[in-house]
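To convert, note that position 345 of the sequence shown is 355 in my numbering; the numbers rise steadily by one, no gaps.
By construction, the Cβ of each residue, glycine as well, lies at the ideal position given by its N, Cα and C atoms.
Only one structure is covered here, and it is reproduced in the block below.
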Amino acid sequence: MDLAERFVKNHKLADREEYRELLKQSEDKEVAEYLRREAVSLRKQYYGNKVYIRGLIEFTNYCKNNCYYCGIRRGSYRAVRYRLTREEILDCVKKGWTMGFRTFVLQGGEDPYLTDQWMADLIRSIKELCPDCAVTLSIGERSLDSYRRLREAGADRYLLRHETADEKHYRCLHPEEMRLSVRKQCLRDLKSLGYQTGAGFMVGSPGQTYRELAEDLRFLQELQPEMAGLGPFLPHQDTRFAEEKAGSLELTVRLLSIVRILLPAVLLPATTALATLDPAGREKGLAAGANVVMPNLSPLKNRKQYMLYDNKCCTGAESAEGLSKLAKSLEELGYELSMERGDYPFPIGTLFTDPI
Ligand code: SAH
C-alpha cells in the first residue's frame, strides 16, 4: 500500500520501475479498490457528477499508414474505403447540433486528400454553423505548420494517441517507416500551439507487459496532456494480430484509475473499445474515473466501414441515436450527462521544457 499511497499523494512516481511496481501491486484487489475510490473522488473534485458527451464523426477510412493492429491500415485490402464529402460532414454537425452536441470530434485515417486548405475550410464552416462548439481533430501525424494552420482555422483540441511509449514495443506494432520520435514530436507541437491535447495507448496490445505500460505512464507524467484515450486492444481479423487475445477489462479499468490519479483534471473517455469488449464496459470505465463518452454521429451507411477492430460497437448508447438511452442509464448511475463544451478547466498551451 505504501507505494499506492505515495502515488495518490504526489500524483506521480519517481521512475519507470516504480510505475511497474505500482501496476504489479494493483493486482491486489484491495489496492485496486483504493486506487479506484481515489480516482472517483478526484473526478468529483474537478467535474462533479458530469459526464461529457462528444459527437464522433469518422469521416474517412483512407489511410497511408500501415499500423499492424489497425483494421483500416493501408494494407487492409478488404476494407471498403469511404470519405465523407464536406456537405455530409456538415450535415452530421447540423444533426448533432440540433441534438445538443457542442463538441465534434473529426476522426479519420491519414488520408492524403485532407490538405491543410481542405481541413481549414471545413473547420471554418463548422465554426460558422455553430460558433460556440469545440472542434477536436484526430487525423494523425502532420507538420507543425499544418497543425498551426488548422489551429488558426479554429480547431480547439487534438487527439493523437502515442500508442506505446516504448521504442521496442513501438517497432512490434508499426512498420519501419513510422517513428515513435515523430509521434512524440507531434504531441509536443500540438501542446505548443495551444491545442487541448490527447495522448493515450491501447491496453493489452501484442508484446505489451507492465514494463511497457510503465513507460506509457511515465510518458503521460512528462507530457501532461489535457485528454487521455485508453481502451483495450481488440483484434481485427484482417491483421497479423487476428489471433491475439483482446486486452483485459480489469486491467483497462485499473489503468483508467491510475491515469485519473496521475492527471487529476484530465478528460478521460470510457471508450467504444471498452464498451465493445464488455456490455458493462462503459459503466465500469466511468466507475474507475472516466468522465467522457463519445457517441457515434457518422452517417449510418458508413459506420460499419470504420472498422478499427472486429465487432466495433456503433449503435445503442455508442451512437447519437441512443443519446436519450445513454442519458437515462447515466442518470440511474448518479451521473449527469453534460452537453456543454467541457473544456479542460485550466490554462492550455504552456510550453513544457523537459524533453520527452
Ligand atoms: N489516424 C488517427 C486515428 C486513428 S484511429 C491517428 O493516427 O491518431 C483511433 C485509435 O483507435 C488509434 O489511436 C488506436 O489507438 C485505436 N485502435 C486502432 N486499432 C485498434 C485495435 N485493433 N484495437 C483497439 N484500438 C485500436
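Original post:
Closer than 6 Å: is that where the CB of Ala238 sits relative to any heavy atom of the ligand SAH?
Top reply: no
Original post:
How is Asn71 classed by DSSP in three states: helix, strand or coil?
Top reply: coil
**OP:** Please find out if some non-hydrogen atom of the ligand SAH comes closer than 6 Å to the beta-carbon of His179.
**Re:** no
Subject >> Coil, strand or helix - Arg16 by DSSP >> reply: helix
Original post:
Taking 6 Å as the line, does the beta carbon of Cys80 fall inside it for any heavy atom of the ligand PLP?
Top reply: Absent from the structure shown: the ligand PLP. Ligands present: the ligand SAH.
Original post:
At which residues does the beta strand (DSSP E) containing Ala238 begin and terminate?
Top reply: Met237 to Pro242
**OP:** Would you kindly work out how many angstroms separate the C-alpha atoms of Gly299 and Ala49, rounded to a whole number?
**Re:** 5 Å
Original post:
With respect to 6 Å, is the separation between the Cβ of Ala283 and the closest non-hydrogen atom of the ligand SAH below this value?
Top reply: Yes, the Cβ of Ala283 comes within 6 Å of a heavy atom of the ligand SAH.
Subject >> Secondary structure of Phe362, DSSP reduced to three states >> reply: Confidence at Phe362 is low in this model, with a pLDDT of 48, below 50, so the placement of that residue should be treated as unreliable; the coordinate-derived value is given next. Here Phe362 sits in coil by DSSP.
**OP:** Can you give me the start and stop residues for the alpha helix (DSSP H) that Ile271 sits inside?
**Re:** Leu259 to Leu272
**OP:** Quick one: using the 10 Å Cβ neighbour count with 16 as the cut-off for buried, is Phe69 buried or exposed?
**Re:** buried
**OP:** Using only alpha-carbon positions, find the residue among Gly217, Met317, Glu187 and Val269 that is nearest to Asp248.
**Re:** Met317
**OP:** If I'm right that Leu190 touches Glu177 with Cβ under 8 Å, what's the distance once you round it to whole angstroms?
**Re:** 6 Å
Subject >> Enclosing beta strand (DSSP E) for Met188 [first to last residue] >> reply: Run containing Met188: none; DSSP gives neither H nor E here.
Original post:
Across which residues does DSSP place Ser308 in a beta bridge pair?
Top reply: The partner list for Ser308 (beta bridge, DSSP) is empty, contrary to what the question assumes.
Original post:
DSSP beta-bridge partners for Lys60?
Top reply: Glu346
Original post:
Between Thr219 and Arg88, what straight-line distance do the alpha-carbon atoms span, to the nearest angstrom?
Top reply: 31 Å
**OP:** Compare the Cα-Cα distances from Arg64 to each of Leu310, Met304 and Lys335 and report the closest residue.
**Re:** For Arg64, the nearest C-alpha among the options comes from Met304.
**OP:** Could you check the C-alpha separation between Leu230 and Gly352 for me, to the nearest Å?
**Re:** 21 Å
Original post:
For Glu37, does the count of other Cβ atoms within 10 angstroms reach 16, so buried, or fall short, so exposed?
Top reply: exposed
Original post:
Taking all protein chains shown into account, do 16 or more other C-beta atoms lie within 10 angstroms of the C-beta of Arg96, making it buried, or fewer, making it exposed?
Top reply: exposed
**OP:** For Leu13, I'd like the list of residues in its chain whose CB is within less than 8 Å of its CB, leaving aside the five on either flank, ordered along the chain.
**Re:** Within the same chain, Leu13 has close Cβ partners Leu23, Glu28, Glu31, Leu32 and Gln35.
**OP:** Given a cut-off of 7 Å, decide if Leu266 and Gly241 are closer than it, judged by their beta-carbon atoms.
**Re:** no
Subject >> Secondary structure of Tyr168, DSSP reduced to three states >> reply: Reduced to three states, the DSSP call for Tyr168 is strand.
Subject >> Integer-rounded CB distance, given that Asp166 should sit under 8 Å from Ala144 >> reply: 5 Å
Subject >> Residues of its chain near Pro365, where Cβ-Cβ distance is below 6 Å and the 5 sequence neighbours each way are ignored >> reply: Residue placement at Pro365 cannot be trusted, given a pLDDT of 49 that sits under 50; what the coordinates show is reported in the next sentence. Closer than 6 Å at the Cβ level, and outside the excluded window around Pro365, lies no residue.
Original post:
How about Glu173 and Phe211: do their beta carbons lie closer than 7 Å?
Top reply: Yes, Cβ-Cβ distance for Glu173 and Phe211 is below 7 Å.
**OP:** Please indicate yes or no: does the CB of Tyr319 lie closer than 6 Å to some heavy atom of the ligand SAH?
**Re:** Answer for Tyr319: yes, Cβ within range of the ligand SAH.
**OP:** Put Val103 into one of helix, strand or coil per three-state DSSP.
**Re:** helix
Original post:
Does the ligand SAH have a heavy atom nearer than 6 Å to the CB of Leu160?
Top reply: no
Subject >> DSSP three-state assignment for Val90, whether helix, strand or coil >> reply: coil
Original post:
Would the beta-carbon of Arg91 fall within 7 Å of that of Asn71?
Top reply: yes
Subject >> Same chain, Cβ closer than 7 Å to Glu293, five either side skipped, listed in chain order >> reply: The beta carbon of Glu293 is closer than 7 Å to those of Leu343 in its chain, skipping five residues each way along the sequence.
**OP:** Check the C-beta distance from Met237 over to Val192 and give it rounded, since I have them as a contact under 8 Å.
**Re:** Wrong, their Cβ atoms sit about 20 Å apart, outside the cutoff.
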